[in-house]
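Shown next, in structure tokens, is the structure this report addresses.
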Amino acid sequence: MKKEKTDTATRPFKLSHQVLCITTICFQRQSLIGFVELTVIPSRSDLRKIRLNAKQIRIYKVTLNEFHEVSFTYNDPCLGICQGENKQKSIDNFNSSHLACVNAVDSDNGSGELCIKVPHDLMHLITEGKPVKIGIEFALEKPQGGIHFVVPDGEGTMAERGAHMFTYAPDNSSRLWFPCVDSFSEPCTWRMEITVDPTLVAVACGDLVETVYTSDMRKKTYHYNLSIPTCAPNIGLAVGPFEVFVDPQMHEVTHFCLPRLLPLLKNSTNFLHEAFEFYEELLSSRYPYSCYKQVFVDEAFQDARPYATMTILDTNLLCSPQIIDQTYISRRVMAHAVAEQFFGCFISMNSWSDAWLPKGISMYLSGHFLKKAFGNNEYRLWIHEDVNEVLKYEQKHGGLVLDCSVSPTPGSAAATAQGKDGTFYFPTQHLHTTSPEYNIVLTKKSHLVIRMLEDRIGRELLLQVFNKLLSLASGAAQQKVTSNMWFNMLLSTNSFQKAIFTVTGKDINTFLEQWVRQGGHPKFTATFIFNRKRNTVELEIKQLDVQNRGIRRYVGPLTITIQELDGTFKHNLQIEENATKHDITCHSKSRRNKKKKIPLCTGEEVDMDLSAMDADSPVLWIRIDPDMLLLRQVVIEQPDYQWQYQLRYERDVTAQKEAIEALEKFPTPASRSALTYTIENEHCFYKIRCLACFCLQKVANAMVATWAGPPAMMSIFKKLFGSHSCMHIIRLNNFKNLQHYFLLKTIPVAMAGLRTVQCICPPEVLKFLLDLFKYNENSKNKFSDNYYRAALIDALAETVTPVISVLPHTGMTITADSLSSDTKLILEEITRCLNMEKLLSSYKYTVTVSCLKAIRKLQKMGHLPNYPSLFREYAAYGMFLDVRLAALEALVDFTSADGKEEDLNFLLDIVENDPVPAVQYKVLRMITEKPPFTGSDSNPLNTEDLVERLWKLMNSGTAYDSLLRCAVMDLYHALYGRKRPSILPSPEIGVVVNLKEKKARLPINSGSIDDIHLDDSFPLDNVIMLETVKIEEKDSNGFSGGGEKRKATSPLHFSDHPHFYSSDGHIKAEITVEDNPESSKVRLKETTSMPGTSVSTHGMSGMSLLRTTSSSIDSASAPAPAQFCTFDAYSDDSQSKSLPGIQNTFGLQPTGFDSSMFKPPDVPEPKPSSSSLELLSLAAKAHKKKKKKKNKHKHKHKHRHEKHDKPERSEKDRIYSSSSQSPSTFSPQGEIL
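Quick note, the sequence shown lines up with residues 1 to 1233 if you use full-length UniProt numbering.
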């Protein structure tokens, strides 16, 4: 067992207490002013410098022991990762520098951005080991990470407008908003004082001691005290005009929400006391803190961000009792946040390599609550999905090692499993250098490994281990820092191993070596035959592809279950080789014609039709590792009738799901019958029935040539939901039966995917879907039908097939007359739904989201002109988040398929300038998952400018948001791989000008071009004189070769030829070499400013001005159209509730369709040329000057303006400006053109 690593060896002091005072919060300037006081106890007598963490903070003053002002230095190497690196621009070079920069300020290494020098007159305190108080006055303005201000536009005070602020960002990001020791391994006690306006509420970690008004009675101060030692990354803050609700079931729990959301808050959180009671009973331990607070905020980066005694959650988790789908998500998120209070906040990780423990244990605990709240089927499907996600990631990127402090030996099996060359394309040693997707998968794998450990030592013993850890931590929390007991509040792999050995007496070192300190997973391929003579199953299990990425060889036990005619029998096999054969004796004999009920694993007995199976074999089906106790991939080869039996009669949902996935390959009437039986079976889990619908769709499409009956699932739908008197008319909506509700949403979407022999949607299916819209009636339903209406629109989009038309070949544009009758019907329905959303919005605008996806589908299939203008309007800031993301997803899809440079630049402008950090991050993830090009594609979007822009964004543009920086790194890797982008010119080749002979020479081995003659027009007066310098050059393969380099000896002359230079003195000309070998000439070509110049550019080249059609909607500060309006209005959904807090716009949003859908975005109309548009804050005098300048450039002749003649705007002003008018509602009958 390894010796426990302690942090005292690197950090020369121990932190005992910290005071955090926020004295001023200004929402107009998005700034705060504060003061911190850290009490440190020196652990070394030679302590001369104290290093702390602080980023993007302005430090005004540092004092020691309150009276001694001391000097300090500040250095943040992460502001620019690659200093002066302009040639390679490869991911590998960036990551090596990135890891070095992060480690240089890592507090676990005793480092930090802020270095405080201890003066000589205070050295006696250090020598004596007495506590030293470090006081720091600081300020923060317009933060780019760590803390987020939401300031809606509008009239009234900040509180009336719903302005609020809160902390966010990944772990180890507290340094972004106050100076601290930003490490999980340095807990201390806390006192916090937050001064705010009287109308605002401040919520911080710890117990609220008192609220005191300031002496002038204009502000009030909230005093919080946290007596349990807590590390700085677990300290959070939220300030806003919150409404307060004390949980009636547990008075220790308090909920905070934005104005007018209190009814939704009460409904969404009424279950929370059950989660507390469940965890306390499961762990046999009390909740470790004295209080718990939930704060719901707008524009949250993630659904939930836990801190000590509080969690900051997304306001979009709130829902009314009429909403079904969101309830499942919200309860799962909130229950997991409570579990993280036990493991994650109270007991935190010791270092990043130990992160898998608190993450995995909290997921394990919330998984048990999920099983209790939603059932075992929901829990097992969740585990099954997580297993598949981890397998997919590891096979794509390499084996994921949970304990990243251990590096595999190069060339070993572990290194092969971890990756192609033993590493990922990013360093995994630190949180701030890893891919965001890696962190998500690490959490899921951590949970699965804890489940595997539960099987090894037993559930009861594992819970006893958790109880032991909590007891030790509770005892340590009562001690003082001098007792050196606080290490019990930190959880590491080694301390966890010791705790298990203490409680159970079992050594899990082998388990840890196999699943924690080693990445990858096994892959089993199983085949079997039945030996009739010996009455045995000859099972062969092979481990193939062990040399592939993410897959490794497994040695150990493996569980097999065989369903025979006489019951289910479990067998434990030992896997030792890559290919093992096992003879398993059957307990049953073939029955031939005997009829007898067959017992299942649940103990029930059922009648089966055995006519389809082999008459000699008693085996119905075989499963490998049915309880998912290994992280593995299983491929079983068995005949179709065994999959059909497994689907019909196996009671485990994971087995049913695997059978459904296997039956896609067997389009037979028997498969169709088994799937139909599953859909109609009321005792089957609803998610399995929904999966069977989509499988039946694929089977039916494969059998379309031989099927003569009605379309698949139509008779099932009519039987379940049709009126008794008229089957084709749907009954009134009644969602009390939740299984039927989810089937009602799923079957139309699955039916829409049916195809005829001509690969088009059957006409009766389209008519059936349109009738569902016509006859939808929700007035007597107590639940909202917004998700159902959204599913119907998804179904309409699914019916669309590629257009068969001569228009694209003849060059004609798509018009309303050229649309087919079916497409017109679909278009009219989508338009009606989209326009209806302007009058009566659905909850979270689900219908709008589906309409945008449907429009994009129509564009991709060639039914609508492929223009992105509509999606740009819906992507503007001010629209609801889900609507924006749907529009941005459509824009990403458009850019990857047909986009131009301006479309990609629009998306990158969102990434750089959007006010919502979550949108910036999610757009990056979208582009990474669907890149416009990869590698060395000869794509017009693959330009040097794009490389420069992404490199600059990754290198210095995301300095204060490590998650965003790593997301840009993922995009860069997806586009260019690990090596240097091929689009960049080779850095070893250049042109050297010989002035005497008027020749240009390639100094390094230039191939066949030796002398290049200069054109006579080349201005010799303005040439840099070059002097030969001997250098050693290395080519791309690493070989050195001799060459000459020139250095300048004379200055440039700007006066004679000013057009060669920009206004700031940078050269504006480039040398172009003609390819003609007979006369190789060098000409000067006037270009734009070279990369690296500081010429300011406003906006994006060639991009039309956008209309922002929403008047700064804030989703938490104003009432929603459907819920808080004073008049009564009803649509198809009388119970539909729009998202709480969305401002009432009534027609001020982008409409569904207008004439822009059928015309290109650049209309050939004359427009005056002008300079960059002025910002709104300029004085009226400046506007007058601008108008004069416009009139000066007016001209009468009509022609299409070039891109540079269009009026430009600053990036942020262009994308996020708002106009007073919006497109009117559109009727497709008369206004489609």
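For each residue, glycine too, the CB sits at the ideal point set by N, CA and C.
I'd like the span of the beta strand (DSSP E) that includes residue i, first residue to last.
i: Y224; result: 220-230
i: A304; result: 304-307
i: E241; result: Here the sequence assigns Pro to residue 241, which means Glu is not the residue at that position. First-last for P241: undefined, no H or E at that position.
i: W621; result: 619-624
i: S31; result: 31-42
i: S16; result: 13-26
Using the three-state DSSP reduction, which class does residue i fall into: helix, strand or coil?
i: F569; result: strand
i: G360; result: helix
i: L79; result: helix
i: R58; result: strand
i: L539; result: strand
i: P179; result: coil
i: E661; result: helix
i: F271; result: coil
i: P748; result: helix
i: Q547; result: coil
i: R980; result: coil
Answer yes or no: does any C-beta atom of chain D fall closer than 8 Å to that of residue i?
i: C205; result: Within the model displayed, chain D is absent; a lone protein chain is all it includes.
For residue i, report the span of its alpha helix (DSSP H) as first-last.
i: G475; result: 459-477
i: W382; result: 376-397
i: M310; result: Run containing M310: none in the alpha helix (DSSP H); it sits in the beta strand (DSSP E), 310-314.
i: N835; result: 821-839
i: V555; result: Careful: V555 lies outside any alpha helix (DSSP H) and carries neither H nor E.
i: F717; result: 714-721
For residue i, which residues of its own chain have a beta-carbon under 6 Å away from its beta-carbon, when the five flanking residues on both sides are left out?
i: I927; result: V892, L971
i: P1077; result: A caution first: P1077 carries a pLDDT of 40, below 50, which makes its placement in the model too unreliable to give a value.
i: L950; result: Y972
i: K359; result: T443, S446
i: V516; result: L402, D403
i: I529; result: E538
i: D794; result: V749, S850
Give me the Cα-Cα distance between residue i and residue j, rounded to the nearest whole angstrom.
i: D197; j: I25; result: 9 Å
i: I729; j: A886; result: 32 Å
i: H336; j: T815; result: 52 Å
i: T8; j: V401; result: Interpretation of T8 is limited by its pLDDT of 40, a score under 50 that renders its predicted location unreliable; no figure is taken from the coordinates.
i: K1187; j: L946; result: For K1187, the pLDDT reaches just 43, beneath the cut-off of 50, and the residue's location in the model is therefore unreliable, although a value from the coordinates is still provided. One C-alpha to the other measures close to 35 Å.
i: T230; j: I57; result: 22 Å
i: T568; j: P599; result: 7 Å
i: P618; j: I584; result: 13 Å
i: L365; j: F346; result: 15 Å
i: T10; j: S107; result: 9 Å
i: I747; j: A159; result: 46 Å
i: N467; j: A339; result: 14 Å
Between residue i and the rest of its own chain, which residues show a CB-CB distance below 7 Å, the 5 nearest in sequence each way excluded?
i: S174; result: C180, D182, A232, P233, I235
i: L770; result: L825, E829
Got a sec? Which residues, its chain only, sit under 8 Å from residue i by beta carbon, not counting five neighbours each side?
i: F72; result: I59, V62, L114, C115, I116, K117
i: W382; result: G367, L370
i: Q697; result: A712, M713, A750, M751, G753, L754
task = Please confirm if the region 605-614 is in contact with the region 625-637, defined as three or more CB-CB distances below 8 Å between the two stretches.
result = They do not touch, by the three-pair rule.
query = Would the region 251-265 and the region 219-228 be scored as touching if the rule is three or more Cβ pairs under 8 Å?
reply = No: fewer than three Cβ pairs fall under 8 Å.
At least three beta-carbon pairs within less than 8 Å, the region 283-292 to the region 319-331 = In short, these stretches do not touch, since the Cβ pair count stays below three.
inquiry  = I'd like to know if the region 427-447 and the region 471-480 are in contact, where contact means that at least 3 CB-CB pairs between them fall below 8 Å.
reply    = In this structure the region 427-447 does not lie against the region 471-480, because fewer than three pairs of beta carbons, one per stretch, are closer than 8 Å.
ask   = Are at least three pairs of beta-carbons, each pair with one atom in the region 866-882 and one in the region 912-924, less than 8 Å apart?
value = A contact exists between the region 866-882 and the region 912-924.
request  = Indicate whether the contact test is met: 3 or more Cβ pairs, each with one atom in the region 75-93 and one in the region 38-53, closer than 8 Å.
outcome  = Put simply, the region 75-93 does not touch the region 38-53. Fewer than three CB pairs are less than 8 Å apart.
ask   = Pairing CB atoms from the region 647-657 with CB atoms from the region 679-688, are three or more of them under 8 Å?
value = Contact between the region 647-657 and the region 679-688 is present, with at least three C-beta pairs closer than 8 Å.
request  = Check whether the region 143-159 touches the region 203-222, counting contact only when three or more Cβ pairs, one atom from each stretch, lie closer than 8 Å.
outcome  = Counting Cβ pairs under 8 Å, fewer than three are found: no touch.
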